[in-house]
Amino acid sequence: MYVESFVYSYRYLSKRKSRTILTLLGIIIGVATIVAMISIGNGLKVSIEEQFEKLGANKLTVAPLALFEFRAGGAPIKVEGFSEKEIEEIKKIDGVEDAVPYFYSIGTVEFKGEVFSTYIAGGTRRGADIFKTFYRLKSGRFFKDYEKDTVVVGYRIYKDYNVKIGDRIKINGYNFKIVGILEEIGNVEDDSTIYMPIERAQEIFNTKDITMIFVVAESEDAVDEVAKRIKERLKILRKAEDFDVLTTKQLAEQILSITKTITFVLSGIAAVSLIVGGIIVMNTMLMNVIERTKEIGIMKAIGATNIGVLRIFFAESVIIGIIGGIIGVSFGIVLSKIIDFVGKNYFGSSFKTVVTPELLLSGVLISVFISILASLYPAYKIAKLNPVEALRYE
11 MYVESFVYSY RYLSKRKSRT ILTLLGIIIG VATIVAMISI GNGLKVSIEE
61 QFEKLGANKL TVAPLALFEF RAGGAPIKVE GFSEKEIEEI KKIDGVEDAV
111 PYFYSIGTVE FKGEVFSTYI AGGTRRGADI FKTFYRLKSG RFFKDYEKDT
161 VVVGYRIYKD YNVKIGDRIK INGYNFKIVG ILEEIGNVED DSTIYMPIER
211 AQEIFNTKDI TMIFVVAESE DAVDEVAKRI KERLKILRKA EDFDVLTTKQ
261 LAEQILSITK TITFVLSGIA AVSLIVGGII VMNTMLMNVI ERTKEIGIMK
311 AIGATNIGVL RIFFAESVII GIIGGIIGVS FGIVLSKIID FVGKNYFGSS
361 FKTVVTPELL LSGVLISVFI SILASLYPAY KIAKLNPVEA LRYE
């Protein structure tokens, strides 16, 4: 009986190709959009996990609250940077293997007649060794701490401006020589940064402040306890808790919480198109009920039960849901690949979209569910149809 219902429904839909295609189109667009949007969220999650895995689980970041918190209206909290004394105090804490300073700002760069603004970072040779899995050289070498006129440029600086080892570049009016080019890290910010010795970076920005402190714990197990001790020590030194100490795991969790919100919003936008698809299915089913009123009356008059007639209409909705879902996830995969390609060009190689088997299966199941849900009201209309009145319908 169930097989006959599906065969009958398939033949009916096949005879009305134009209407069936238009009905499927709403479902296809909705499912394709959901697959593509969720694949962006999945890709963000995977990318963030990969980036922080490179940093290492035994690392901690000490930074002003201004880097992590924003007041209402979006204005950053103004706080002072860190000092060398605070770094030396952190190094004395039990469980700390090392601590290195990091300076960060935006500077004006001149190269071969072009003027542009980009990120300028000051660090130490020791810092480069600690994060050697994250900052890897494509060519050349890292700067030495005592050098005053050498820089290492990120991959996008190399790619966008065609710089080479030995080229001269001006930063905030000071001349520098490019001695190293980094491999692509995968995010625009790091790949668009120019790195130099921290003392020189502080000089050209006329400051002694240290933007962040990167701390290496003796082991991964000691990280949480080390973070607690650093907080206690800095609160005494600074007489305020205007900073935060985050482990690699906590940093990842903070960013992942943001990506979850982004994924939720994207999914909500995609869901709207799927709801529209459901309305189109409902409209089609209602049209079917009106057009087939006499046919339904005849079926009931010769013994067909309400359940039997309902089974035919539900079979139609399931067929629409399955076909629409399969085509929709196929288009979703294509759309996801296009987004992946465009995203890599604009945001770096760390941008990716990830389509999982679970996502594809969910896309088809959601399509079927929406189709069945959309057929409930037409099914109710069928159940209430009087056979005698149906036979008189013209």
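So for the sequence shown, the numbering used here puts the first residue at 11; every next one is plus one. Where is the CB? At the ideal position from N, CA and C, for every residue including glycine.
Need the endpoints of the beta strand (DSSP E) that residue i sits in, please.
i	result
Gly105	Where Gly105 is concerned, there is no enclosing beta strand (DSSP E), given that its DSSP letter is neither H nor E.
Gly190	Tyr184 to Leu192
Asp254	Phe253 to Thr257
Ala237	Not the beta strand (DSSP E): Ala237 falls in the alpha helix (DSSP H), residues Val233 to Arg248.
Ile181	Arg178 to Ile181
Thr71	Lys69 to Pro74
List the endpoints of the continuous alpha helix (DSSP H) containing residue i.
i	result
Leu369	Pro367 to Ala384
Gly137	Arg135 to Ile140
Ile167	Tyr165 to Tyr171
Val198	Val198 to Asp201
Ala211	Ile208 to Ile214
Just the C-alpha distance for residue i and residue j, rounded to the nearest angstrom, thanks.
i	j	result
Thr363	Glu59	14 angstroms
Ile322	Val41	24 angstroms
Glu193	Val106	29 angstroms
Pro86	Phe186	Residue confidence is low: Pro86 scores 42 on pLDDT, short of 50, so the model does not pin down where it sits. Its coordinate-derived value is still stated next. Near 31 angstroms, if we compare the C-alpha coordinates of Phe186 and Pro86.
Ile48	Glu96	44 angstroms
Lys245	Ser283	51 angstroms
Phe153	Gly133	9 angstroms
Val162	Leu369	42 angstroms
Val291	Glu263	41 angstroms
Val344	Ile31	20 angstroms
Gly51	Val365	10 angstroms
Val233	Ile380	48 angstroms
Asn355	Glu235	41 angstroms
Lys218	Ile240	21 angstroms
Leu70	Ile333	50 angstroms
Leu276	Phe215	40 angstroms
Ser346	Gly353	10 angstroms
Val319	Asp350	46 angstroms
Lys259	Phe62	8 angstroms
Ile39	Ile272	20 angstroms
Can you name, in chain order, every residue of its own chain whose Cβ lies under 7 angstroms from the Cβ of residue i, other than the five neighbours on each side?
i	result
Phe126	Val119
Ile336	Val374
Ser475	Within the shown structure, residues of the chain are numbered from 11 to 404, placing residue 475 beyond reach of any answer.
Gly83	Note that Gly83 has pLDDT 41, beneath the 50 cutoff, so the model's placement of it is unreliable and the number below is only indicative. The answer is none, since no qualifying residue turns up.
Asp177	Ile188
Glu99	Arg243 and Leu247
Tyr387	Met292
Ala73	Met222, Phe253 and Asp254
According to DSSP, is residue i part of a helix, a strand, or is it coil?
i	result
Tyr356	helix
Ser115	strand
Asn220	Going by the sequence as given, residue 220 is Ile instead of Asn. Three-state DSSP puts Ile220 in a strand.
Tyr156	coil
Ser93	coil
Ile130	strand
Glu228	coil
Val162	strand
Gly123	coil
Ile204	strand
Gly335	helix
Gly150	strand
Val275	helix
Tyr145	coil
Phe341	helix
Thr363	coil
Lys55	helix
So, at 6 angstroms on beta carbons, what are the nonlocal neighbours of residue i in its own chain, with the 5 sequence-adjacent residues on each side left out?
i	result
Leu54	Thr269
Phe357	Val198
Thr203	Tyr129, Ala131 and Gly164
Thr160	Phe153, Lys187 and Val189
Gly342	Ala42, Val45 and Ala46
Lys101	Ala109
Tyr171	Phe121
Arg166	Asp201 and Ser202
Roughly how far, in whole angstroms, is the beta-carbon of residue i from the beta-carbon of residue j, given that I think they are within contact range, below 8 angstroms?
i	j	result
Ile116	Ile181	That pair is no contact at about 11 angstroms.
Val378	Val328	6 angstroms
Ser149	Ile188	Not quite, the Cβ-Cβ distance comes to about 10 angstroms (not below 8 angstroms), so this is no contact.
Val173	Phe224	Contact flag wrong, Cβ pair sits at about 27 angstroms.
Ile191	Tyr168	5 angstroms
Tyr57	Ser360	One detail in the question is off: residue 57 reads as Ser in this sequence, not Tyr. 5 angstroms between Cβ atoms; contact.
Tyr112	Ile220	7 angstroms
Ile330	Leu34	6 angstroms
Ile195	Phe144	7 angstroms
Val286	Gly123	Wrong, their Cβ atoms sit about 52 angstroms apart, outside the cutoff.
Less than 8 angstroms between C-beta atoms, sequence neighbours within five positions excluded: which residues of the same chain meet that for residue i?
i	result
Tyr114	Tyr129, Ile130, Ala131, Gly132, Thr221 and Met222
Arg29	Thr294 and Met297
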